[in-house]
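First residue of the sequence shown? That's 1 in our numbering, and the numbers climb one at a time after it.
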Amino acid sequence: MSNLPKISVPIICSNNEGTITKVLESIKDLAFEIIVIVDHNSKDRTIEIAKEYTTNVFQEEWRGYSNQKNEALSRCTGDWILSLDSDEVVTEQLKSEILQAVQLGDKEGYFLSRRTFYIGKFMNYAWMPDARLRLAKSSANPKWDGSNVHELLLIDGEVGSLNGYLDHYSYEDINDHFSRTLKYAHDVASDRFKAGKKFFLLKLLFAPPFAFFKEYIFKRAIFDGLRGLIASASAGVYSFLKNVYLWELYENKKNKKNK
1 MSNLPKISVP
11 IICSNNEGTI
21 TKVLESIKDL
31 AFEIIVIVDH
41 NSKDRTIEIA
51 KEYTTNVFQE
61 EWRGYSNQKN
71 EALSRCTGDW
81 ILSLDSDEVV
91 TEQLKSEILQ
101 AVQLGDKEGY
111 FLSRRTFYIG
121 KFMNYAWMPD
131 ARLRLAKSSA
141 NPKWDGSNVH
151 ELLLIDGEVG
161 SLNGYLDHYS
171 YEDINDHFSR
181 TLKYAHDVAS
191 DRFKAGKKFF
201 LLKLLFAPPF
211 AFFKEYIFKR
221 AIFDGLRGLI
231 ASASAGVYSF
241 LKNVYLWELY
251 ENKKNKKNK
């Protein structure tokens, strides 16, 4: 790999001892350098595990997903950036495709497709397609932008897509899944409230069932069995919660004015 373009892999973490080992194992032979930024509130063995793979481990105060990822980007010195979450594993097929892509160098970046591992199996329909821009040339000015939850990697230039999967070990169990759904919905509602987005009762009534049927029927999650039904239900719950949380924020604001 000495003649290949150098690939930097930035990762942000917080209490990810359950997944970080397999993530780092999957890229240890691919990466020129691994940059790991750990939330200072992380209480488990994430830091100790990360230090087994790289000396570039930094513990910092949490500043939001985009800011934290941009901090990790700023520490990268390679020709290419492969930005990973702390629960994403690079498969062997994807690894080969990444090496070919950086050697060819005819695109400024690439979308990578994720497949989610859920309660013992990979999903084939639910939460798919899930393509994310994650591989980019350093010269393409990569930068993360977005809200508390929905951050995007932006680059300059033409992008392509690779076929191999990023295996996404997102949820430990159903409790973890719906706990995060609650948190993400609250964070999105908070962002919308700050942006002045209004609450609409009709959206609360119709968006949740639409989100369910979009996942279950149109994306064919029905073929993932009970797992697909749970995933589709979570889409409806997420849609419902982010709207009622937004309503609550406006109600609290109104009540404060009336005091």
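Virtual Cβ for every residue (Gly too), placed ideally from N, Cα, C.
These figures come from a predicted structure and were not determined experimentally.
{"Query": "Under the three-state DSSP convention, the category E251 falls into", "Result": "helix"}
{"Query": "Pick from L4, N3 and K28 that is closest to I11, judged by C-alpha positions", "Result": "K28"}
{"Query": "Endpoints, alpha helix (DSSP H) assigned at D39", "Result": "Here D39 belongs to no alpha helix (DSSP H); instead the beta strand (DSSP E) covers E33 to D39."}
{"Query": "Unbroken beta strand (DSSP E) run spanning Y118, endpoints", "Result": "G109 to Y118"}
{"Query": "7 Å Cβ shell around E108 - same chain, five flanking residues per side excluded", "Result": "A136, K137, A140, I155, D156, G157, E158 and V159"}
{"Query": "Within 8 Å, strictly: CB atoms of T91 and H168", "Result": "no"}
{"Query": "Rounded distance between the beta-carbons of G78 and F32, thought under 8 Å", "Result": "5 Å"}
{"Query": "Cβ contact (3+ pairs, closer than 8 Å) linking the region 171-190 and the region 240-254", "Result": "yes"}
{"Query": "Inter-residue CB distance, N16 and S86 (contact presumed, cutoff 8 Å)", "Result": "4 Å"}
{"Query": "As assigned by DSSP and simplified to three states, the class of R220", "Result": "coil"}
{"Query": "Rounded C-alpha distance that separates K95 from S234", "Result": "31 Å"}
{"Query": "Assumed close pair A72, I37 - CB separation to whole angstroms, cut-off 8 Å", "Result": "5 Å"}
{"Query": "Counted within 10 angstroms of its Cβ, other Cβ atoms place A231 as buried (16 or more) or exposed", "Result": "buried"}
{"Query": "Rounded C-alpha distance that separates L99 from K253", "Result": "53 Å"}
{"Query": "Continuous alpha helix (DSSP H) stretch holding F212: start and end", "Result": "L201 to F213"}
{"Query": "Straight-line gap, K259 to K203 (C-alpha atoms, nearest Å)", "Result": "29 Å"}
{"Query": "Three-state secondary structure assigned by DSSP to G78", "Result": "coil"}
{"Query": "First and last residue of the uninterrupted beta strand (DSSP E) at R132", "Result": "A131 to K137"}
{"Query": "Test item: CB-CB of R132 and L162 under 8 Å", "Result": "no"}
{"Query": "8 Å Cβ cutoff met for M128 and K219", "Result": "yes"}
{"Query": "Run of the alpha helix (DSSP H) containing S170, from where it starts to where it stops", "Result": "Premise fails: S170 is in no alpha helix (DSSP H) and is neither H nor E."}
{"Query": "Residues that DSSP places opposite I7 in a beta bridge", "Result": "W80"}
{"Query": "Inter-residue CB distance, L241 and L182 (contact presumed, cutoff 8 Å)", "Result": "6 Å"}
{"Query": "Length of the line joining the Cα atoms of A211 and P142", "Result": "31 Å"}
{"Query": "Extent of the continuous alpha helix (DSSP H) to which K22 belongs", "Result": "I20 to I27"}
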